[in-house]
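Protein chains in written order, with UniProt numbering: chain G, 1 to 265; chain V, 1 to 265. We put the CB at the ideal spot given by N, CA and C, even for glycine. Bear in mind that the values here come from a model prediction, so they are computed numbers and not experimental data. Heads up: the structure comes next, in structure tokens.
There are 2 protein chains.
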Amino acid sequence: MTEPNSADVLARLHFVLVRTSHPGNIGAAARAIRTMGMRGLSLVAPQAYPHPEAHALAAGADDVLDAAAVHADLPSAIANCRLVLGATARRRGVLLDELSPREAAQRVLASLSAGHEVALLFGNERSGLDNDEIKLCHAAIAIPSDPTYSSLNLAQAVQVVAYELRLAWLQGGLPVPAAHADPPASSADLEGYFEHLARTLDEIEFHKGRSPRTIMQRLRRFFLRAQPDARELRILHGILADTQRMARLARGVTPDGRSATDEKD
Amino acid sequence: MTEPNSADVLARLHFVLVRTSHPGNIGAAARAIRTMGMRGLSLVAPQAYPHPEAHALAAGADDVLDAAAVHADLPSAIANCRLVLGATARRRGVLLDELSPREAAQRVLASLSAGHEVALLFGNERSGLDNDEIKLCHAAIAIPSDPTYSSLNLAQAVQVVAYELRLAWLQGGLPVPAAHADPPASSADLEGYFEHLARTLDEIEFHKGRSPRTIMQRLRRFFLRAQPDARELRILHGILADTQRMARLARGVTPDGRSATDEKD
Numbered sequence: 001m002t003e004p005n006s007a008d009v010l011a012r013l014h015f016v017l018v019r020t021s022h023p024g025n026i027g028a029a030a031r032a033i034r035t036m037g038m039r040g041l042s043l044v045a046p047q048a049y050p051h052p053e054a055h056a057l058a059a060g061a062d063d064v065l066d067a068a069a070v071h072a073d074l075p076s077a078i079a080n081c082r083l084v085l086g087a088t089a090r091r092r093g094v095l096l097d098e099l100s101p102r103e104a105a106q107r108v109l110a111s112l113s114a115g116h117e118v119a120l121l122f123g124n125e126r127s128g129l130d131n132d133e134i135k136l137c138h139a140a141i142a143i144p145s146d147p148t149y150s151s152l153n154l155a156q157a158v159q160v161v162a163y164e165l166r167l168a169w170l171q172g173g174l175p176v177p178a179a180h181a182d183p184p185a186s187s188a189d190l191e192g193y194f195e196h197l198a199r200t201l202d203e204i205e206f207h208k209g210r211s212p213r214t215i216m217q218r219l220r221r222f223f224l225r226a227q228p229d230a231r232e233l234r235i236l237h238g239i240l241a242d243t244q245r246m247a248r249l250a251r252g253v254t255p256d257g258r259s260a261t262d263e264k265d
Numbered sequence: 001m002t003e004p005n006s007a008d009v010l011a012r013l014h015f016v017l018v019r020t021s022h023p024g025n026i027g028a029a030a031r032a033i034r035t036m037g038m039r040g041l042s043l044v045a046p047q048a049y050p051h052p053e054a055h056a057l058a059a060g061a062d063d064v065l066d067a068a069a070v071h072a073d074l075p076s077a078i079a080n081c082r083l084v085l086g087a088t089a090r091r092r093g094v095l096l097d098e099l100s101p102r103e104a105a106q107r108v109l110a111s112l113s114a115g116h117e118v119a120l121l122f123g124n125e126r127s128g129l130d131n132d133e134i135k136l137c138h139a140a141i142a143i144p145s146d147p148t149y150s151s152l153n154l155a156q157a158v159q160v161v162a163y164e165l166r167l168a169w170l171q172g173g174l175p176v177p178a179a180h181a182d183p184p185a186s187s188a189d190l191e192g193y194f195e196h197l198a199r200t201l202d203e204i205e206f207h208k209g210r211s212p213r214t215i216m217q218r219l220r221r222f223f224l225r226a227q228p229d230a231r232e233l234r235i236l237h238g239i240l241a242d243t244q245r246m247a248r249l250a251r252g253v254t255p256d257g258r259s260a261t262d263e264k265d
């Protein structure tokens, strides 16, 4: 990619391979990324890495491999990212919005152009991304494959997504400016909000026999789609804090933990 | 590909791998073709085939491998074809027109729809298609790769071309699916939510000297941007209702308005 400052923009893009089983696939993915003019590779808990087979299949894209960051868990790999998309061949029901690779490329470039860090997640070869990993995504990337045989090889899925990113980049007609000016909150900050929300729902006895998991999945999907910025997240936290204060008062306990009858005025 | 007669149309499309060195690449190419809903594979003078590694990397796409035609030379493999396109990463000077994979997909589908047999040629891993092979092509397919590192793996080049063919096929009139499947709530429903939210914020004493108007503006902007659907809005209303219930209990009033001391159990 030869445009001015392309290195700056693309340095914010991270292909994140999660729990990869075969080191050869890591090398082949590095090669796929490099052929499309990108370099950012992160590995989360790879089963065998470093490994000579990774370098054998990188076929000259060793610079990408050598610079790859290795993380013990996914949240630490994407903590600074403001857009997280997960590749999945399967429909996951209500969990996440689905983007085609082409739609995803537009969204990624818009986010990169706004100065944000972006992560693209690719799961384990056999099992894909698990539900806890999918939950961290703002949306899914669904490669339109034959429903009767949808098993893309890991590096081939990376290739298709990287190819669409390169096309979108080269077409240059730079994507629509973001509709929302302030940067969205980071993945770690959003997870902090979800924890606060889950605690608060328990305290106001919200679930009443309904599945807390289903409700939280729907709420996660909603807030991930909305991409709140830092100030919005502060307001949302503030509402939860006052809600908790009321719930504690309702239970006859003052905010500092003493019984309300001690000092209720 | 589920359209009527798709099998008939696509049976006229042949991915032709020419002088392939590594049988694993033949298997990986079969898998790539199969994931995109196609099946036609021809092999010209493969260096090692049949071979167990081809089947290992086909990963379940054995039907494609088993049906592959093996030819001693390229002219006999493409004798019946009325459109022949050759994949090449390199510019071949004036020899041939170059099509992008997307342009090639359009041209291929037009030819298939007209009832013609079509061949897509992919050369040897190291040397690509030689000049005699290129001469048999109507045009070249050039995958837009990084000029400093343009070495796509054979199966990955097949994957990109097959992916564009599948997209072109599926677009055959089909609308692009919306990013979010459920329709967003109506404006009136959203306004109902904002009223409920404003009332609740008063009841939990959220504002504490801050401007209610500014806060509500920010919250409106956030929820309008997020475009909740009807089900999400019901959950959000439910959270507010339980929050109000807690606030009333905290004020010593039961939800139906009587003093809590009358009947708190």
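About 7 Å separates the beta carbon of Asp73 of chain G from that of Val44 of chain G, a gap short enough to meet the 8 Å contact definition. Of all C-beta pairs linking the region 227-240 of chain G to the region 13-32 of chain V, fewer than three are shorter than 8 Å, placing the two stretches out of contact.
Under the three-state reduction of DSSP output, Asn153 of chain V falls in the coil class, being neither helix nor strand. Thr200 of chain V and Arg218 of chain V have their alpha carbons spaced roughly 16 Å apart. A distance of 7 Å or more separates the beta carbons of Ala104 of chain G and Leu129 of chain G. The C-alpha of Ala58 of chain G lies about 57 Å from the C-alpha of His196 of chain V. Collapsing the DSSP output to three states places Ala68 of chain G in coil. For Ser150 of chain V, the neighbours in chain G by C-beta distance under 8 Å run, in chain order, Thr35.
The continuous beta strand (DSSP E) containing His14 of chain V extends over residues 13-18. Listed along the chain, the chain V residues whose CB falls inside 9 Å of the CB of Gly60 of chain G are Tyr149, Ser151. Using a Cβ-Cβ cut-off of 7 Å, Tyr163 of chain G counts as an interface residue toward chain V, since at least one Cβ of chain V sits closer than that to its own.
Scanning chain V for C-beta atoms nearer than 8 Å to the C-beta of Thr88 of chain G yields nothing, as the closest lies near 14 Å away. In this structure, Leu249 of chain G and Leu224 of chain G do not form a Cβ contact; the two beta carbons are roughly 32 Å apart against a cut-off of 8 Å.
From the listed residues V:Ser150, V:Ala155, V:Ala54, V:Asp146, the smallest Cα separation to Leu121 of chain V is found for V:Ala155. Among the residues of chain V, none has a CB under 7 Å from the CB of Gly123 of chain G; the nearest is roughly 16 Å distant. If you check the CB distance, Ala48 of chain G and Gly27 of chain G do not come in under 7 Å. Between Ala68 of chain V and Leu112 of chain V, the gap from beta carbon to beta carbon reaches 7 Å or more. Bounds of the beta strand (DSSP E) holding Ser42 of chain G are 41-44. Flagged as an interface residue toward chain V: Arg218 of chain G, by a C-beta distance shorter than 7 Å. For Ser145 of chain G, the residues of chain V that pass the 8 Å Cβ criterion are Thr35, Met36, Gly37, Arg166, in the order they occur in the chain.
Where Phe122 of chain V is concerned, the enclosing beta strand (DSSP E) starts and stops at 117-122. Per DSSP, the continuous beta strand (DSSP E) segment holding Leu85 of chain G begins and ends at 83-87.
Between Cys81 of chain G and Ala119 of chain G, the CB-CB gap stays under 7 Å. Buried is the label assigned to Ser186 of chain G, since at least 16 other Cβ atoms lie within 10 Å of its Cβ.
Your pair Glu205 of chain G and Gln244 of chain G does not check out as a contact, with CB atoms roughly 12 Å apart and the cut at 8 Å. DSSP lists V:Ala140 as the beta-bridge partner residues of Glu98 of chain V. Beta-bridge pairing by DSSP links Asp229 of chain G to G:Pro184.
In this structure, the CA atom of Glu133 of chain V is about 59 Å from the CA atom of Ala230 of chain G.
When G:Asp62, G:Lys208, G:Pro50 are compared, the shortest CA-CA separation from Ile239 of chain V is found for G:Lys208.
Within the DSSP secondary-structure output, Gly128 of chain V pairs in a beta bridge with V:Asn124. Our two residues, Pro144 of chain V and Ser150 of chain V, have alpha carbons roughly 8 Å apart in a direct line.
Nearest C-alpha to Leu65 of chain V among V:Ile141, V:Ile215, V:Asp146, V:Arg34: V:Arg34.
Residue environment analysis places Gln159 of chain G among the buried positions, since at least 16 neighbouring C-beta atoms fall within 10 angstroms of its C-beta. Taking CB atoms only, Glu232 of chain G has a neighbour in chain V less than 7 Å away.
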